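Residue numbers (our numbering), protein chains in the order written: chain A, 14 to 64; chain B, 8 to 806.
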C-alpha cells in the first residue's frame with residue numbers, strides 16, 4: 014500500500030464496496046427476481062427459490 | 008403448503024381439504040382428514056398422477072386434486088410453533104399450547120393453525136374496502152373517492168382475541184365474470200388463495216347494485232360475511248333497512264359498519280370468527296333462482312357435470328360451472344378445455360343458451376343479469392324502504408357546473424393551473440430554505456473536514472446529489488396535497504369524465520390525463536398516479552409515454568442551451584420543446600395502441616361517486632404517505648447514484664512525480680473515458696465528449712447535466728458560477744464555440760426525450776416490471792437519438 018493513502022481514501026474504498034454490493038443486489042434482483050412489485054406470495058416464492 | 012408441492016419421499020400432515028360439495032366429501036372419505044400423515048410414494052412417468060400413502064394404503068391422485076389439499080410439513084410446523092403471539096392482550100395462545108402434548112410439534116402447529124383465518128375483501132369499486140382494510144390492519148393504504156384505487160392485492164394481518172386474521176384487499180369489481188382484468192384477478196385470487204371467508208363490502212346507500220356482486224359470490228358458495236359500509240350515509244338519508252332480515256334471507260350475516268370511525272368493526276370481527284367456526288346460525292347456502300326458463304335449460308348440463316365432477320377443478324360447484332359455460336365465460340371455457348367431456352358440455356351449453364335466448368327473446372347475459380337483479384330487487388322489497396332522492400342537492404348543482412358543456416373545460420384548466428401555480432410558486436420559499444440548509448451543510452463539512460477523498464465525496468457527491476433531490480420535496484408535498492384533495496372530494500372522476508374524448512383519440516383512457524399533466528412536474532409521481540387507470544393496456548401505454556412529458560428537472564438544460572444559442576428566441580424554443588414532448592407522447596401512444604395493444608380498450612364506465620368533503624386528517628395522511636414513499640425510494644436511489652457518479656468522475660487521479668495525487672481531472676476520469684467511449688454514438692450529431700459525459704451524467708437525475716457541463720467546460724482562472732444551474736460566462740463562450748447550432752438543437756432534443764432519470768425507471772419497474780422499465784429506457788433513448796439526428800440534419804440544411 015502506498016504511503017500516501019490516507020484514512021479518507023480507505024473510508025471511500027469501504028463506501029464504494031458497500032455501494033457496489035448494493036448495486037450487485039439490485040442487478041441480482043433484476044435478473045432473478047424481476048417482480049419486486051409482485052404480491053407477497055410471489056415474493057415469498059421468489060425468495061424460496063433463490064434461498 | 009399444498010399436497011401437490013411435496014416431493015417424492017416427503018411426508019406431511021393433512022390440514023384441510025379445500026373445494027366444495029361432493030369432491031371434498033369424497034376426498035375426505037378416502038382418508039384425507041385433518042391430522043392424518045401422508046407420504047409421497049412416486050410420480051407417474053408424465054408427473055401426473057401421484058401415488059400417496061395414507062392410513063396404511065396407497066392411493067393415487069391427480070396433481071390438480073392434490074392442489075386442493077392443504078398439508079403441513081414438520082419444518083413448517085416447527086416454524087409456526089416457534090412464532091409467538093404478539094398481540095399482548097391474550098393468553099389464549101399459551102393456553103392452547105399447554106393443552107396439547109408439547110412433544111408433538113405438528114399437533115401443536117395444527118392446533119394454532121385453527122386460529123389463523125384468511126379473509127378476502129371483495130366488493131364494488133369505491134365501496135370502502137381499502138378504508139376497512141386500513142381500519143382493520145392499522146395501515147395507511149391509499150384510499151380515494153373514485154373507483155379503482157386498489158390495483159393489486161394488498162395483504163395485512165390483524166390479531167384479535169387470540170386469532171390471526173390475514174386480510175387480502177382485492178381490487179374493486181362489479182361482477183366475477185371475465186369482462187375486465189380486475190374481475191379475472193379477483194376470481195383467480197379466490198381460486199388460487201382459497202380464502203377461509205369472503206368479506207363482501209356492500210355500500211349501504213347503493214344496495215341494489217352492490218348486491219349484484221353478492222349474488223355472484225353466493226353462486227360460488229364460499230363462507231361469506233357482508234360488511235354494510237358507509238352505514239352513516241344510509242341513516243342520514245332517512246331510508247330504513249332491515250339488514251338482519253336480509254341476512255337471514257340470503258344466509259349471509261350482514262353487519263353495518265362505518266370504517267373511518269371504527270363503528271361496528273368489533274361486531275364484524277366477532278361474526279367473522281363465528282362464521283369461520285361454524286357457530287353462526289344465519290349461515291346457510293342458498294341458490295339464486297334464475298327463473299324456470301334458465302333453470303330448466305341449465306339443468307341437464309348441471310346434472311351431467313355433477314356426475315363427472317372429478318373432471319372439474321374443484322374450486323367451484325358444478326352449478327357455477329354450468330351457468331358460466333352457458334353464459335360463454337371465456338376463462339371457464341378454457342379451464343374445461345381438454346377434459347374428456349368438454350365437447351359434450353360445450354354442445355349442451357350451446358343448446359341451453361339457444362333455448363334461453365329463444366324463449367326469453369334476449370341474449371343470455373342479459374337474461375341472467377335480469378334474473379339476478381330480479382332476485383336482489385325482490386329481497387330488498389321486503390327489507391328496504393327507500394327515501395326519494397332529491398336532485399337538487401349541492402353535489403348535483405356542483406356536478407352540473409364542473410361537467411358543463413361550456414364551463415367544464417375552463418373550470419378544469421383553472422384548477423389544473425392553480426395546482427401547478429401553487430406547486431411551483433408556493434414551493435419556491437421552502438425550496439430556498441432547504442437549499443440554504445444544504446449549502447450551509449456543504450460549507451460546514453468542507454470547513455470542518457481536512458482535505459481528502461472522503462470530504463469531496465460527502466460534499467460533492469452525497470450532499471450535492473441528495474440535496475438536489477431534497478429541494479423538490481416542498482413541490483411534491485404541495486402537488487400531493489392538491490391531488491389528495493381532488494381525489495378524496497370526487498373531482499378527479501369528473502376531470503377524467505370531461506377529458507375522456509380527447510384521451511380516447513390518443514388511444515388511452517380519460518383517466519390517463521391526470522398522470523400526463525403531472526408528468527410536467529415530475530415523472531415519478533406521474534408514473535405512480537397511473538395506478539388509477541383500471542384498463543391495463545391504457546395504464547401501460549400511459550406509463551410508457553409519461554417520460555416524454557418534459558419534467559421540471561429538464562428545464563435548466565433547456566434554459567442553459569436556449570439562452571446560449573438562441574438568446575433572442577429562448578421562449579419560443581422552450582415552447583417548441585414542450586410541444587415536441589407532447590406530440591411524441593401522442594404519436595407513441597397511438598402507435599402502441601395500433602400495433603402492440605390491439606385489444607379493445609375497456610369502455611369508459613366510471614362511477615361518479617357523490618362529493619365528499621375530505622377530512623384534514625385523511626388528506627394530510629395521504630399526502631405524507633406519498634412523500635414518505637418519495638423520500639424512501641428516491642433518497643436511497645439518489646444517494647447510491649450520486650456516490651457512483653462521484654466515484655466515476657473522481658477516479659482515477661493521475662499522480663505527480665512525488666507520488667501525490669493531482670486534482671480531479673474529468674477528462675482522465677472513468678466518467679471521461681465513458682464519455683469518450685460513448686462519443687461515437689453522438690458523433691453523427693457532432694456532439695463532443697463533454698456533451699456525451701453531460702448526457703450520461705444526467706441518467707441519475709437530469710439536473711446533473713447542467714452542473715456537469717459547468718465543470719467540464721470550466722477552466723482554472725474562470726469566475727465562480729452563481730449556482731449549479733448557471734454557467735460561467737467563460738463556460739458559456741466555450742460551449743458556444745464547441746457546438747454548432749445544429750448540434751445544440753440535437754442536444755436539446757436528445758435531453759428532452761432520452762431515458763428518464765433512474766428514479767422514473769425505478770418507478771416504472773415497480774409499477775409494471777423490470778422488463779418494461781428497460782423497454783421504456785430503450786424506447787426513449789432510441790426515439791431521442793432518431794429525433795435528434797433528424798433535427799441535426801434539418802437544422803444543418805436550414806442554417
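For each residue, glycine too, the CB sits at the ideal point set by N, CA and C.
Owing to the predicted nature of the structure, the values given are computational and were not obtained by experimental measurement.
Residue 515 of chain B - DSSP class collapsed to helix/strand/coil: Three-state result, residue 515 of chain B: coil.
When DSSP builds the beta bridges, which residues end up paired with residue 129 of chain B? According to DSSP, residue pairing for residue 129 of chain B in a beta bridge involves B:207.
Proximal chain A residues relative to residue 464 of chain B, where beta-carbon distance stays under 8 Å: When 8 Å is used as the limit between beta carbons, residue 464 of chain B is near these residues of chain A: 25, 28, in chain order.
Using DSSP with H/G/I as helix, E/B as strand and the rest coil, what is residue 428 of chain B? In the three-state scheme derived from DSSP, where H, G and I count as helix and E and B as strand, residue 428 of chain B is classed as helix.
Could you tell me the boundaries of the beta strand (DSSP E) in which residue 161 of chain B lies? For residue 161 of chain B, the enclosing beta strand (DSSP E) covers residues 161-167.
Start-end ranges of the alpha helix (DSSP H) lying completely within the region 402-477 of chain B, minimum 4 residues: Whole alpha helix (DSSP H) segments, 4+ residues: 415-428, 435-455, 460-463, 471-477.
Let me know if residue 677 of chain B comes out buried or exposed under the rule of 16 or more other beta-carbons within 10 Å of its beta-carbon. Its Cβ having fewer than 16 others within 10 Å, residue 677 of chain B is exposed.
For my contact list, residue 568 of chain B and residue 751 of chain B are in at a C-beta cut-off of 8 Å; report their separation, rounded to the angstrom. With 8 Å as the limit, residue 568 of chain B and residue 751 of chain B qualify as a contact, their Cβ atoms being about 5 Å apart.
Which of the residues in the region 450-461 of chain B, read from start to end, lie with their CB under 7 Å from any CB of chain A? So the close ones are 459, 460, 461.
Alpha-carbon to alpha-carbon, residue 312 of chain B and residue 354 of chain B: Between the C-alpha atoms of residue 354 of chain B and residue 312 of chain B there is a straight-line separation of about 13 Å.
Hey, quick one: how far does the alpha helix (DSSP H) through residue 481 of chain B stretch, first residue to last? Start and end: 480-496.
Grouping DSSP H, G and I as helix and E and B as strand, with all else coil, what is residue 565 of chain B? DSSP, read as helix, strand or coil, puts residue 565 of chain B in helix.
Where does residue 770 of chain B land, buried or exposed, given buried means 16+ other C-beta within 10 angstroms? With 16 or more other Cβ atoms within 10 Å, it is buried.
Do you know how far the Cα of residue 127 of chain B is from the Cα of residue 197 of chain B? Approximately 8 Å between the Cα atoms of the pair.
When you compare each of B:364, B:363, B:317, B:375 to residue 349 of chain B by their alpha carbons, which one comes out closest? Ranking B:364, B:363, B:317, B:375 by Cα distance to residue 349 of chain B puts B:317 first.
So with CB distances below 7 Å, who are the chain A contacts of residue 650 of chain B? Correct list: 28, 32.
Three-state secondary structure assigned by DSSP to residue 552 of chain B: Helix at residue 552 of chain B.
Between the alpha carbons of residue 654 of chain B and residue 618 of chain B, how many angstroms are there, rounded? Going by the C-alpha atoms only, they are around 53 Å apart.
Measure the Cβ-Cβ separation of residue 625 of chain B and residue 495 of chain B and say whether it is below 8 Å. Yes, these two residues count as a Cβ contact at 8 Å.
Look up residue 290 of chain B in the DSSP assignment and say whether it is helix, strand or coil. Under the three-state reduction of DSSP, residue 290 of chain B is assigned to coil, being neither helix nor strand.
Cα-Cα separation between residue 157 of chain B and residue 193 of chain B, rounded to whole angstroms: Model confidence at residue 157 of chain B stands at a pLDDT of 45, short of 50, so the residue's coordinates are unreliable; what they give is reported in the following sentence. The alpha-carbon of residue 157 of chain B is positioned some 12 Å away from that of residue 193 of chain B.
Between B:512, B:487, B:513, B:517, which has its C-alpha nearest residue 501 of chain B's C-alpha? Sorting B:512, B:487, B:513, B:517 by C-alpha distance to the C-alpha of residue 501 of chain B places B:517 at the top.
Rounded to the nearest angstrom, what separates residue 433 of chain B and residue 247 of chain B at their Cα positions? Rounded to whole angstroms, the gap between the alpha carbons of residue 433 of chain B and residue 247 of chain B is 48 Å.
Would you mind stating whether residue 22 of chain B and residue 41 of chain B have Cβ atoms separated by less than 8 Å? Against a cut-off of 8 Å, the Cβ pair of residue 41 of chain B and residue 22 of chain B comes out as a contact.
Taking only beta-carbon atoms, is residue 19 of chain A less than 8 Å away from chain B? Closer than 8 Å to some Cβ of chain B, the Cβ of residue 19 of chain A qualifies, so yes.
Between which two residues does the beta strand (DSSP E) harbouring residue 49 of chain B extend? For residue 49 of chain B, the uninterrupted beta strand (DSSP E) segment begins and ends at 44-50.
Rounded to whole angstroms, what's the CA-CA distance from residue 174 of chain B to residue 208 of chain B? Just pull it up for me. Approximately 13 Å, taken between the alpha carbons.
Using 8 Å as the Cβ pair cut-off and three pairs as the minimum, do the region 267-282 of chain B and the region 210-225 of chain B touch? The region 267-282 of chain B and the region 210-225 of chain B do not touch, with fewer than 3 CB-CB distances between them shorter than 8 Å.
Between residue 788 of chain B and residue 77 of chain B, what straight-line distance do the alpha-carbon atoms span, to the nearest angstrom? About 49 Å.
Anything in chain A within Cβ reach of residue 647 of chain B, meaning under 8 Å, just list it in chain order. Correct list: 32, 35, 36.
Please confirm whether residue 129 of chain B and residue 205 of chain B have their CB atoms less than 8 Å apart. Result yes, Cβ atoms of residue 129 of chain B and residue 205 of chain B sit closer than 8 Å.
What would DSSP say about residue 94 of chain B, mapped onto helix, strand or coil? Confidence in residue 94 of chain B is poor, its pLDDT being 44 and thus under 50, which makes the residue's placement unreliable; the coordinate value appears in the next sentence. It is coil, neither helix nor strand.
Residues of chain A with CB under 8 Å from residue 172 of chain B, in chain order? Correct list: empty, because the minimum Cβ distance to chain A is about 15 Å.
Which partner residues does residue 173 of chain B have in the DSSP bridge list? In the DSSP assignment, the residues bridged to residue 173 of chain B are B:125, B:164.
Would you mind sorting residue 341 of chain B into buried or exposed? The rule is 16 or more other CB atoms within 10 Å of its CB. Per the 10 Å Cβ criterion, exposed.
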